[in-house]
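S.K.:
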Amino acid sequence: MTASKTWLEALTLDKLHRLAGSIGSPCSGTKAIRVQGIREAISSTKRCKGDQLSLLSIDMGIRNLAFAHFTAKPATETTCLYGLPELHAWHRVAVSQAPKGSKDGLSPGIVGDPISEVRTAAGLLDNVTKESFEPIDYAGHAYNLVNHMLQTYKPNYVLIERQRFRSGGRAAVPEWTIRVGVFEGMLYAVLRTLVESRKVKLVVEPMQPTQVNRYWLEGPDRTVPVSGKKLTGRDVKRAKIDLVGNILEGQSSTARVIMAEGLQPLVQQFVSVWKKEVRTKRGESKGISKLDDLADSFLQGLAWINWQNNRQRLDALGAEALITESG
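Per the UniProt record's numbering, the sequence shown starts with residue 1, numbered consecutively.
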């Protein structure tokens, strides 16, 4: 793709902000920095070859890692745009400890108390009595988890949520944040080793949560009214859960997803818990922790697919193709 796009320099900061949000490029900094970010995003988008997309979207965690697996065919034989995505798998997993009595691991759906049971990677991780955070143990967890997901879902793209070591203005870095960051690095190392040894052919991309949040919370499907008040972390989590609930119920104005037949029980379970949360006083509810990891992996994957399509449109038609759509 050509990356010159001189017409970008004539756009206002407001239009550049909206444009950047719609393709997943940085929205902060000077005008020159934003323009460069948009150009780089366009140039980094690969020309499709008519292959079906198999996308694995990972929301990082150790006791609550979540992932979603999407596929999407080209919209037509002559276009590089992805068609309607289909969700084939959607799970939360504990990478360090298998629940006792678990035999099948990642069976379709989440059983027990709705969305509360954390499952493990297909029985590949041994039952242990005490959770270990030693690097030698986590290296094995990382390999087993990656190996299982690659064999099961055969992705050609893998997205990994990028971790932040500081948030909320805190000076100290929580120990649990460091543990998740170490495991994140191990996932990259395992994937890079497999790619370099030519055992798999795929692309691994980090995903910035701020860019994913901006895409959904500033877009037409946002569930939070526009105001000058800064959203708290809890507000953002609830807004994303509401977004996913609306998409699953077909109430989204722009986002549509096909659900694989085997996922219907899980989808119904998510919606049931979500509706219960809506009816409950928000301040008293604890169920947010049961849904937000699944919501994050879902929205991250869907945002990436939409970014690729928007970048293709932008490259072919110019800024008006997106700015007009976004209002």
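Backbone N, C-alpha and C define an ideal beta-carbon position, used for all residues, glycine too.
Under 8 Å between the Cβ atoms of Gln300 and Leu159?
M.R.: In contact: Gln300 and Leu159 (Cβ atoms closer than 8 Å).
S.K.: Could you check where the alpha helix (DSSP H) with Ser57 kicks off and where it finishes?
M.R.: Taken as a continuous stretch (DSSP letters only), Ser57 belongs to no alpha helix (DSSP H), being part of the beta strand (DSSP E) at 53-59.
S.K.: CB Ala89 to CB Tyr153, shorter than 8 Å?
M.R.: Cβ atoms of Ala89 and Tyr153: closer than 8 Å.
S.K.: Go to Val204, then tell me how far its beta strand (DSSP E) extends in each direction, as first and last residue.
M.R.: Note, Val204: beta strand (DSSP E), 203-207.
S.K.: Could you tell me the distance, in whole angstroms, from the CA atom of Gln211 to the CA atom of Gly29?
M.R.: So the alpha carbons of these two residues sit roughly 14 Å apart.
S.K.: Can the beta-carbon of Gly21 be found less than 8 Å from the beta-carbon of Glu196?
M.R.: No.
S.K.: For Asp315, count neighbouring C-beta atoms within 10 Å of its own C-beta (all shown protein chains included) and say buried if the count is 16 or more, exposed if not.
M.R.: Buried, by the Cβ-count rule.
S.K.: With distances taken from CA atoms, which of Gly233, Ser132, Arg238 is nearest Trp274?
M.R.: Residue Arg238 is the option with its Cα nearest to Trp274.
S.K.: State whether the region 183-191 contacts the region 234-248, with contact taken as three or more CB pairs (one from each stretch) at a distance under 8 Å.
M.R.: Result no; under three Cβ-Cβ pairs closer than 8 Å.
S.K.: Exposed or buried, which one is Gln308 when buried takes at least 16 other CB atoms within 10 Å?
M.R.: Under this definition Gln308 is a buried residue.
S.K.: So Thr71 and Ser54 are supposed to be a Cβ contact under 8 Å. How far apart are they, rounded?
M.R.: So it is a contact: roughly 5 Å between Cβ atoms.
S.K.: With distance defined between alpha-carbon atoms, name the residue in Ile305, Ala260, Tyr138 nearest to Glu205.
M.R.: When only C-alpha atoms are compared, the closest one is Ile305.
S.K.: Would Ala295 and Glu86 be called neighbours here (beta carbons separated by less than 8 Å)?
M.R.: Against a cut-off of 8 Å, the Cβ pair of Glu86 and Ala295 comes out as no contact.
S.K.: Assign Leu8 to buried or exposed, taking buried as 16 or more other Cβ atoms, counted over all protein chains shown, within 10 Å of its Cβ.
M.R.: With 16 or more Cβ atoms within 10 Å of its Cβ, Leu8 is classed as buried.
S.K.: Let me check one thing: in DSSP terms, what residues is Arg92 bridge-paired to?
M.R.: According to DSSP, Arg92 bridges with Ala66.
S.K.: Report yes if the CB atom of Trp216 is closer than 8 Å to the CB atom of Leu194, and no otherwise.
M.R.: Taking 8 Å as the Cβ cut-off, Trp216 and Leu194 do not qualify as a contacting pair.
S.K.: List the DSSP bridge partners of Ile42.
M.R.: Its beta-bridge partners do not exist; DSSP assigns none.
S.K.: Please report the straight-line C-alpha distance between Ala94 and Asn156, rounded to a whole angstrom.
M.R.: Near 24 Å, if we compare the C-alpha coordinates of Asn156 and Ala94.
S.K.: Going by beta-carbon coordinates alone, are Arg279 and Leu84 separated by less than 8 Å?
M.R.: Cβ atoms of Arg279 and Leu84: not closer than 8 Å.
S.K.: From Ile33 to Pro26, what does the alpha carbon distance come to, in whole angstroms?
M.R.: So the alpha carbons of these two residues sit roughly 8 Å apart.
S.K.: Please name the residue or residues paired with Ala72 in a DSSP beta bridge.
M.R.: Answer is Leu53.
S.K.: Tell me where the beta strand (DSSP E) around Leu84 begins and ends.
M.R.: Segment: none, Leu84 is in no beta strand (DSSP E) and carries neither H nor E.
S.K.: For a test of the three-state rule: what should DSSP assign to Leu159, helix, strand or coil?
M.R.: Strand, per DSSP.
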